[in-house]
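A short write-up of the structure that comes next.
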Amino acid sequence: MNKKLIIALTIIFIIILSLFFLKKESLNISVQDQICSIDEDCVRVSTDCSGCECGVPVNKIYEEKYAQRYRKVCKNYRGGVCEFCCKAPYIRCQDNKCIRTNLTNEGKEVNPCG
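Structure representation (structure tokens):
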């Protein structure tokens with residue numbers, strides 16, 4: 061085999077191996093922390109260090125808890141990042157649970173991503 065080919069294959073193998081062992085940094089949200097009574101109880105928290113997510117709705121009394129965890133987990137994050145368009149940009153309290161939705165307060169469906 062050609063020496064350049066062996067070097068190229070070795071580099072590709074190392075890259076694939078390192079991607080396999082990279083851990084996706086994200087936070088788990090407790091279902092209990094999503095309990096609400098009214099829409100104003102709910103806020104969005106980031107759970108994924110890459111920014112490739114819409115965030116997760118939680119009760120606002122737990123917002124700082126998740127903000128602290130996010131800062132701790134993502135402090136040294138060096139993975140991929142992205143610009144992300146959230147198709148469900150609104151936060152609501154529905155059936156006593158904070159949820160994401162694409163419905164406005166007037167019930168109009170929106171698609172902010174085009």
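Just so we're aligned, residue 61 is where the sequence shown starts under our numbering, counting upward by one. All C-beta atoms, glycine included, are put in the ideal place defined by N, C-alpha and C. All figures in this text were calculated on a predicted structure; none of them were measured in a lab.
- In the DSSP assignment, R104 falls within the unbroken beta strand (DSSP E) covering C102 to V105.
- Within the region 115–169, the complete alpha helix (DSSP H) runs of at least 4 residues fall at 123–134.
- The way I'd put it, the region 93–108 does touch the region 158–166; three or more beta-carbon pairs between them come closer than 8 Å.
- With a 10 Å radius around the Cβ and a threshold of 16 neighbouring Cβ atoms, Q154 comes out exposed.
- Between C96 and N119, the C-beta gap is smaller than 8 Å, which places the two residues in contact.
- Contact check between the region 106–116 and the region 133–142: three or more CB pairs, one atom from each, fall below 8 Å, which counts as touching.
- Counting of Cβ neighbours within 10 angstroms places Q94 among the buried residues, the total reaching 16 or more.
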